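Trainee:
Residue numbers (full-length UniProt numbering): 1 to 91.
1. Thinking C-alpha only, which one of 56, 16, 37, 24 is nearest residue 70?
2. Just to confirm before moving on: does the CB-CB distance between residue 33 and residue 68 stay below 7 Å?
3. Among all the DSSP beta bridges, which residues are the ones paired with residue 63?
4. Label residue 47 either buried or exposed according to how many other C-beta atoms from any shown protein chain fall within 10 Å of its C-beta, with 16 as the threshold for buried.
5. Near residue 17, which residues of its chain fall below 8 Å by C-beta distance, leaving aside the five closest residues on each side in sequence?
6. Are residue 81 and residue 60 closer than 7 Å when you measure CB to CB?
7. Give the straight-line distance between the Cα atoms of residue 83 and residue 72, rounded to the nearest whole angstrom.
8. Run through the DSSP bridge pairs and tell me what residue 23 is partnered with.
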C-alpha cells in the first residue's frame with residue numbers, strides 16, 4: 001500500500017517538453033506539477049479506513065505519464081446530429 005508522503009511525489013519543476021517531443025500540448029499537460037488533490041498530496045488517512053480501490057489515482061501525473069500529443073476532437077458530428085436529428089426508419 002502507498003505510504004503518506006507530504007508535499008507530493010513529484011516536486012520537480014521540469015516540463016514535459018524538456019524531456020520529450022510534444023505536439024499541441026496544453027500547458028496543464030506540459031506542467032504536470034500543477035495538478036493537485038491526489039492521495040499523496042493530501043493529509044495522511046487512518047490506514048484502518050483505507051481501501052485498495054483508493055490506490056487508483058493515488059499518484060499525480062508526472063512528466064513521463066502525461067500524453068505527448070494532444071488532438072482535440074471537433075464538434076462536427078454533434079453539430080450535424082443537432083441540425084438533422086435522429087434518422088428514422090419509415091417502414
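Glycine residues also receive a C-beta, built at the ideal position from the N, C-alpha and C atoms.
All figures in this text were calculated on a predicted structure; none of them were measured in a lab.
Mentor: On the basis of the coordinates in this document:
1. 24
2. no
3. None, per the DSSP bridge assignment.
4. Burial check for residue 47: the Cβ neighbour count within 10 Å stays below 16, so the residue is exposed.
5. Once the five neighbours on either side are set aside, the close Cβ partners of residue 17 are 25, 30.
6. no
7. 22 Å
8. 69
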